Amino acid sequence: MKSLLRISLLSLLLTLSPSLWAQRDSIRQQGSPLSLSLSSALLDPITLPASLDRDVESLLEQWYSGYGRKGTARTSPALPASVSVPYTADSTYIRMLNRIPSVMRFSYNPLVREAIELYLYRRRGLLSSMLALSDLYFPDIEIALDKHSLPMELRYLVIVESALNPKAISPAGAAGLWQLMLPTGRAYGLNINSLVDERMDPIRSTEAASRFLKDLYKIYGDWWLVLAAYNCGPGNVNRAIKRSGLLKPNFWDIYRFLPGETRRYIPLFIGAYFAMHYSRHYGILPRELGRPLATDYYVTPHRVTFDRIAELTGLDRETISTFNPQYRSGIIPGNNASVRLPLTAILKLDSLGEAVVSPELRVNLEGPDQQASARRKQSPSEETSEEEAEAETSSSRSRTRSKAEPATTSRQHKVSSGETLSSIAHRHGLTVEELKKANRLRSDKLSVGQSLSIPGKHSAKAAQKHTSSKGKATKSRRRRR
Numbered sequence: 000m001k002s003l004l005r006i007s008l009l010s011l012l013l014t015l016s017p018s019l020w021a022q023r024d025s026i027r028q029q030g031s032p033l034s035l036s037l038s039s040a041l042l043d044p045i046t047l048p049a050s051l052d053r054d055v056e057s058l059l060e061q062w063y064s065g066y067g068r069k070g071t072a073r074t075s076p077a078l079p080a081s082v083s084v085p086y087t088a089d090s091t092y093i094r095m096l097n098r099i100p101s102v103m104r105f106s107y108n109p110l111v112r113e114a115i116e117l118y119l120y121r122r123r124g125l126l127s128s129m130l131a132l133s134d135l136y137f138p139d140i141e142i143a144l145d146k147h148s149l150p151m152e153l154r155y156l157v158i159v160e161s162a163l164n165p166k167a168i169s170p171a172g173a174a175g176l177w178q179l180m181l182p183t184g185r186a187y188g189l190n191i192n193s194l195v196d197e198r199m200d201p202i203r204s205t206e207a208a209s210r211f212l213k214d215l216y217k218i219y220g221d222w223w224l225v226l227a228a229y230n231c232g233p234g235n236v237n238r239a240i241k242r243s244g245l246l247k248p249n250f251w252d253i254y255r256f257l258p259g260e261t262r263r264y265i266p267l268f269i270g271a272y273f274a275m276h277y278s279r280h281y282g283i284l285p286r287e288l289g290r291p292l293a294t295d296y297y298v299t300p301h302r303v304t305f306d307r308i309a310e311l312t313g314l315d316r317e318t319i320s321t322f323n324p325q326y327r328s329g330i331i332p333g334n335n336a337s338v339r340l341p342l343t344a345i346l347k348l349d350s351l352g353e354a355v356v357s358p359e360l361r362v363n364l365e366g367p368d369q370q371a372s373a374r375r376k377q378s379p380s381e382e383t384s385e386e387e388a389e390a391e392t393s394s395s396r397s398r399t400r401s402k403a404e405p406a407t408t409s410r411q412h413k414v415s416s417g418e419t420l421s422s423i424a425h426r427h428g429l430t431v432e433e434l435k436k437a438n439r440l441r442s443d444k445l446s447v448g449q450s451l452s453i454p455g456k457h458s459a460k461a462a463q464k465h466t467s468s469k470g471k472a473t474k475s476r477r478r479r480r
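In numbering that gives the first Met the number 0, the protein residues as written are 0 to 480.
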C-alpha cells in the first residue's frame, strides 16, 4: 500500500514539474520579485470602469454609421459583458507570453494572470469593440512609433489609457487617446485653449506621446519603468526608486512604493497586449458594423462651426464631433485649421468656397469695406447718395489709417514655455507660414526665450491695397456724378 502511494506521488510530481520549472524560470528571467504565492495583501484588484463599454460602443456607431451595410457576414456575434472563467494552467499563459514577439520582456504573476482573464473573459464585449477601433487608430500610431524608433508594443498603451476613445477625460484632467495632462501636452507642442484641445487629436497627440515616451526612456533605460513614469509621473517613480534602496531596480522592485493605479497599470498593459494578440485564439473577433467612413482633411482659412458644416453637408453634428474631438466648442478656429470629414462632405465644401463661413461669425471676420459692400449687395435699391456717402467714409478711413500708421511695422515676441508656432501665429493674426517666413525658420521647433519678429498687419502690400481701394472709390463716385 505504501509503495503504491509512493509511486502515485512520484508520478504526480513528475507530471507537475515541467509546469513548476517553467513558472520558476520565467519569473527568474524577468527579474520579478513577485512569485505565484504572492500575499493577497499586496495585490490590488484589477478592474475597469463599466462606462468604458458604453463609450466605446457609441464611438463605434459613429465611425461606422451611414456607410456600408450593417450586419455584414464578418460581423462578430454579440458577446456577453462577462462569462465564466475556465481554468488555465499558469504554464500555458507563460508559454504563450514567451511566444509574443516583443523587445519588452514580460513578467508573469497573479496580477498579470488576473489582467489577462479580465480582457479575455470578463470584458469580452469591450475587447471586441476595441479590436474594431484598432483598425482605425493603430496605423497612424504605428507610423509615429516607427518614426521615433519606439517599440510597436507601445501602441497597446492606448488600450489601457483610454480604451481607444479620443474623447476620454480622466477625473484628474488627462485627456485623449494617450491621456496626456495639460502641462505635458503643452510642453510637447500641443495647442490647448478654449476652442482647441489637441490632446484629443489622434495624430498630434500620438506625436506628442511618442516624444514623451522617448524622453522617458533616455532617463530610465527600462521600458517598464518608462510606463510607470508615463502613468504616475517621473517624480513618483524617482521617489519609489529611492525608497527601494536599489541602484538599478525594475518595476517589481519598486511596486509596493508606487501609487495604487500604477501598480495595476503594468499588469493591465501586459493583459491587454496578450488579449489583443491572442483574441482569435479565444474566439473573439472585431465587432464590425460595416465599412468605416472614408475620410480626409478639409483645411479652412476661416472660422466655421460644426453646425454650419452640418447644415451644408447634411452630416450629423455628432458625427463631425466624433471625427474631430479636439474642437471643444464645435468651432474650428480658421487659420488653415484642418477638420476631418467624409470625402463626400469635403467635395461639397470645396464647391462652396468662402460661403462655408458661418453667418454668425462672418461679421467678426470682415472689415468696414467688406461690410459696406455686403450691405450694398443685399440692398441694391438704396439711393446713390447713401452709397456715395459710404464710399467717402470708407475712403476717408483708409486715408486716416495710412497717415496714422507706418507702411511696415514689426515687433518682437519672446517664446514662453508651452508656446508653439501655431499658438503664436494665432495670437497675432498670422499664419504659421507667414511667421516662419518673417523669421526665416525652416523648422517648427522653438526654444524658451527665443525672440521672434512679428510682422505688422499694415505691410507695403496692404498699403497698396488701401490706395487701390481709394482710387476705385473715387473713380466710382466720378462715374455716378
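No residue lacks a Cβ here, since even glycine has one placed at the ideal position from N, Cα and C. Predicted, not measured: the structure shown is a model, and the values here were computed from it.
- At least 8 Å separates the beta-carbon of A131 from that of W177.
- L340 carries a strand assignment under DSSP once its states are collapsed to helix, strand and coil.
- One thing to note: R262 has its Cβ within 8 Å of the Cβ of Y254.
- Contact between the segment 117-131 and the segment 275-285 is established, with three or more Cβ pairs separated by less than 8 Å.
- Burial of D196 is indicated by the presence of at least 16 other C-beta atoms within 10 angstroms of its C-beta.
- Per DSSP, I93 lies in no beta strand (DSSP E) segment; the continuous alpha helix (DSSP H) that holds it begins and ends at 89-98.
- When C-beta atoms of the segment 135-153 are compared with those of the segment 207-227, three or more pairs fall below 8 Å, so the two segments count as touching.
- For the pair L179 and S204, the CB atoms are nearer than the 8 Å cut-off.
- Contact check for K347 against L311 passes: the beta carbons are separated by less than 8 Å.
- The secondary-structure analysis by DSSP pairs I453 across a beta bridge with R410.
- The C-beta distance from G175 to R198 rounds to 4 Å, short enough to fall under 8 Å.
- Residue range 294-299 is occupied by the beta strand (DSSP E) that includes T294, with no alpha helix (DSSP H) assigned at that position.
- The C-beta distance from P266 to A114 rounds to 4 Å, short enough to fall under 8 Å.
- In the three-state reduction of the DSSP assignment, L179 falls in the strand class, which pools E and B.
- When C-alpha distances from K444 are compared across L245, V414, L215, the shortest belongs to V414.
- Looking at the DSSP output, Y326 shares a beta bridge with V195.
- If you ignore the 5 residues before and after F250, its C-beta comes within less than 7 Å of the C-beta of W223, L224, A227, I265, all in its own chain and listed in chain order.
- A distance of 8 Å or more separates the beta carbons of S337 and V303.
- Straight-line spacing of the CA atoms in G244 and G184 works out to 32 Å.
- I308 sits in a helix when the DSSP states are folded into three classes.
- In this model, K213 and S101 are separated by some 17 Å (Cα to Cα).
- Taking a C-beta distance under 8 Å as the contact criterion, L119 and Y107 do not qualify as a contact pair.
- At a Cβ-Cβ threshold of 8 Å, V159 and F268 count as neighbours.
- Spanning the alpha carbons of R339 and A309 requires a straight line of approximately 13 Å.
- S133 and K435 have their alpha carbons spaced roughly 36 Å apart.
- Residue pairing from DSSP leaves V236 without any beta-bridge partner.
- The straight-line gap separating the alpha-carbon atoms of Y296 and R238 is approximately 44 Å.
- Pairing M103 with D221, the inter-Cα distance amounts to about 9 Å.
- Collapsing the DSSP output to three states places A227 in a helix.
- Taken atom to atom, the span from the alpha-carbon of Y86 to that of S169 is near 34 Å.
- The beta carbon of F137 sits closer than 6 Å to those of R154, all from its chain and outside the five residues before and after it, given in chain order.
- Proximity to G188 across Y229, P258, S446 peaks at S446, based on C-alpha coordinates.
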